[in-house]
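In what follows, a structure is listed as structure tokens, so that the remarks can point back to it.
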Amino acid sequence: MKKFWKNANMRLKVGMFMTAFFMILGFVVYFIPHVDPFSYNSYANKLPPSWENFLGTTSMGQDIFWLLIEAIHNSLAIGLIVALIGTVLGVFVGLLAGFSGGVLDRVLMVITDTFVVIPSLPILILMTSLMKGSSTVILMALVLAMFAWAWPSRQIRSMALSIKERDFIYTAKFSGEGTVQVVLTEILPFALTWSLSNFMNATLAAIASESSLAVLGLSPANLVSLGNMIQWARTRNAILAQQWFWIGSPIVATVLLFIGLFLLITGYNDYMSMKRGR
Amino acid sequence: MKFWKYFGLRVLTWALTILIGVTFIFFIPRMFPSDPVENMIGQMQSRSGQMDPLEMEHLRKSLRVQFGLDGSLVEQYTSFLWKGLLHFDFGPSLLSYPEPAGDIIMLYLPYTLGLSLTTTLLAWLIGNFIGLLAGFRKNKRSSKILEGIAICIYPIPYFIVALVLQIVFAFILKWLPLQSTIYANNGMWAYITSILKASVLPAVSLLLVNTGWWIISMKSLSSSTAEEDFVLYARYRGLSEGKIGKSYVFRNSILTQITALAMSLGGVFNGSIMTEIIFGYPGVGTLIQKAILQSDYNMILGCITISIVAIATATLIADLVYPLIDPRIRYS
């Protein structure tokens, strides 16, 4: 651990710190008992920041601080679920295509390539507008995951193709290991480093997609997410009424969260390539 | 001969991508339990009370025809491919009935294409230029500061950048209008200036995010190219820094960036949709938003089909141009 800290670059350190900060807000502070920020008129309307309401209240008397914490929690949760599904599915499809070869490989790759090229936002708009009003968080995560698997699967396939011709794979095969065994013990470790970086990327992309859909009014209406929080403040004229804490706090939080995640990703990639000795 | 094989393969991939994409958007709505026709009838009933059952049956039938929902699934599919994909005929729009949705989209599409293509190219040029300088002289303080700014802007979603610009420049400083309006009827000059005025903030927000990305990627590309042996060799030969930068580092790293430009078009389109919506810029994004609010399915389907075709085609063009620029490629 000490060695890791010494070798880690600046970006990785700052990124880890920022991401950890949001993780704590979303998954630790979130569980401190508090008034439900979603219900209206828990407090007086439009209060300025005070010791009771750290960031003041909205026009509907909701506490902005706890609204923000809940939004961070839900956005992170959606991002992590989508990234998990996408990465696992992507690694699976990529390994399958890379190792099976032949017709299965071709078919899988045509589908994967289509998913890489197809503009995801319009299709997400189509799907979510069809379930307008009736969509739930889980459904939302599943829909977003549809576009999270293609890129990793393509990358993992080319990784598998280049690894499977190497000597140590033949050695493993000749010494009697089955294909599954080879994939698990020889190939997966290679794919894992890349998958972790992809996982963080997918988390970021999923949170961005969800908040984009929220701005279109297509995210579930009862979901307190960062995007929805911005959208609610916008539709209730927080900008015109100059309620800067209401519209500003989710914007600042999103910006910091994204910069933190991005620094974490690039820092991690640099760290891994340095460790490989490049 | 090899070129034609490459050409054929790329065109085939292009056609397959569009076909699969369109098939996808054809089947998704049909897998969902909600039926647009029943939704509309429900809305009408809640607005104007109960209808005569016979009349309603009639209405249901004509609505099914208008939405392309009559006949078997195979018939629907072939007619969707034939009419929608080949003739951009998606049936009438509900927003402005009975005008065809395809015609309305064609009115809005140039604005989106103009905005996104201009900003993409500008961002690519500016970003690569700055990125090259930053990568080539990576130990200078100015390089580090520029890269730091790029890193802080690039990961932010498009609509947040747009929203912040809107708050700062249109609301607080009042330099530009909060919402874009384009005057089409007050003569040519008013038309052009209103377009320019409407595009400033959307263009700047798209530019900021995109340029950030090109700076980051070009910087890492050129700084790794600058450490290659052939650059070292050029230094030993006593070539000037300018010559090394231009003919050695730039030529070699820009090629990767051309491929990346093709790959980035889809993302730019997504960003353009979001930015348009924030500013009310009259493009496909704003049209999609209106269509969603009014549940205008023909229009939504039309916008999405056209955007898939547009992005796939742009990618195809970039793919075909690439071998003309890169002498190393062997059409594989």
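Protein sequence lines, in the order shown, are assigned to chains A and B.
Heads up: the first sequence runs through residues 1 to 278, numbered per our numbering.
Heads up: the second sequence runs through residues 1001 to 1332, numbered per our numbering.
Just so it is clear, CB atoms sit at the ideal spot from N, CA and C, and this is done for glycine as well.
These numbers were taken from a predicted model, which means no experiment stands behind them.
(request) Whole angstroms is fine: what's the gap from I1192 of chain B's alpha carbon to Y1183 of chain B's? (result) 9 Å
(request) Check whether the segment 1014 to 1026 of chain B touches the segment 1309 to 1319 of chain B, counting contact only when three or more Cβ pairs, one atom from each stretch, lie closer than 8 Å. (result) yes
(message) For G1267 of chain B and P119 of chain A, I'd like the C-alpha separation in whole angstroms.
(response) 7 Å
(request) Enumerate in chain order the residues of its own chain whose CB-to-CB distance from L223 of chain A is below 7 Å, with the five nearest sequence positions on each side excluded. (result) N74 and V137
(message) Three or more C-beta pairs under 8 Å: does that hold for the segment 1100 to 1109 of chain B against the segment 1170 to 1189 of chain B?
(response) no
(request) Output the boundary residues of the alpha helix (DSSP H) element that contains M1051 of chain B. (result) Neither: M1051 of chain B is in no alpha helix (DSSP H) and is coded neither H nor E.
(message) Counting only beta-carbon separations shorter than 8 Å, does V117 of chain A have a partner in chain B?
(response) yes
(message) Please report the distance separating the alpha-carbon of M60 of chain A from that of M229 of chain A.
(response) 13 Å
(request) From the DSSP output, read off the bridge partner residues of T57 of chain A. (result) A:D63
(message) Let me confirm a value: A241 of chain A is counted as buried when at least 16 other C-beta atoms fall within 10 Å, else exposed. Which label applies?
(response) exposed
(request) Using the Cα positions of I32 of chain A and Q1289 of chain B, report the straight-line distance between them to the nearest angstrom. (result) 38 Å
(request) Output yes if chain A places a C-beta closer than 8 Å to the C-beta of L1163 of chain B; else output no. (result) yes
(request) Report yes if the C-beta distance between S219 of chain A and M140 of chain A is below 8 Å; otherwise report no. (result) yes
(request) Within the segment 1191 to 1251 of chain B, note down every full alpha helix (DSSP H) run reaching 4 residues or more, in order along the chain. (result) 1229 to 1236
(request) For D36 of chain A, return the contacting residues in chain E, with the cut-off set at a CB-CB distance below 7 Å. (result) Considering every chain present, this structure includes no chain E. Its protein chains are A and B.
(request) Return no unless some Cβ of chain A is closer than 8 Å to the Cβ of N1270 of chain B. (result) yes
(message) Given this structure, state the Cα-to-Cα distance separating P347 of chain A from S195 of chain A, to the nearest angstrom.
(response) It is not possible to answer for residue 347 of chain A, since the shown part of chain A is limited to 1 through 278.
(request) Measure the C-alpha to C-alpha separation of A1234 of chain B and E1228 of chain B and round it to an integer number of angstroms. (result) 10 Å
(request) Starting from S1093 of chain B, find everything on chain A with Cβ-Cβ shorter than 7 Å and list it in chain order. (result) Going along chain A, no residue has its Cβ under 7 Å from S1093 of chain B, so there is no contact; the nearest lies around 15 Å.
(message) What does the alpha-carbon distance come out to for the pair I1041 of chain B and I1304 of chain B?
(response) 25 Å
(request) Apply the 10 Å Cβ neighbour rule to S1332 of chain B and answer buried if 16 or more other Cβ atoms are within range, or exposed otherwise. (result) A caution first: S1332 of chain B carries a pLDDT of 45, below 50, which makes its placement in the model too unreliable to give a value.
(request) Quick one: residues in its chain with C-beta nearer than 7 Å to the C-beta of T1256 of chain B, no 5 flanking neighbours on either side, listed in chain order? (result) L1221
(request) Would you list the residues sitting across from P1092 of chain B in a DSSP beta bridge? (result) B:P1100
(message) Please report the distance separating the alpha-carbon of N7 of chain A from that of G267 of chain A.
(response) 11 Å
(request) Would you kindly check if the distance between the Cβ of S1217 of chain B and the Cβ of A1260 of chain B is under 8 Å? (result) yes
(request) Buried or exposed for P1155 of chain B, please, with buried defined as at least 16 other CB atoms from any protein chain shown within 10 angstroms of its CB. (result) buried
(message) Could you compute how far the alpha carbon of D63 of chain A sits from the alpha carbon of T57 of chain A?
(response) 5 Å
(message) Just to confirm, is the Cβ distance from I1215 of chain B to V1231 of chain B under 8 Å?
(response) no
(request) Mind listing the chain B neighbours of T254 of chain A? Cutoff is C-beta to C-beta under 9 Å, in chain order. (result) I1156, P1157 and I1160
(message) For a cutoff of 8 Å on Cβ pairs, would you count P152 of chain A as touching chain B?
(response) no
(message) For D1089 of chain B, count the other beta carbons within 10 Å of its own beta carbon; 16 or more makes it buried, fewer makes it exposed. Which is it?
(response) buried
(request) Quick one: list the residues of chain B neighbouring V215 of chain A, beta-carbon separation under 8 Å, in chain order. (result) F1159, M1274, I1277 and I1278
(request) Give the DSSP-derived three-state secondary structure of E1147 of chain B in the structure shown. (result) helix
(message) Rounded to whole angstroms, what is the Cα-Cα separation between W232 of chain A and Y40 of chain A?
(response) 13 Å
(message) Quick check: I85 of chain A and L216 of chain A, are their CB atoms within less than 8 Å of each other?
(response) no
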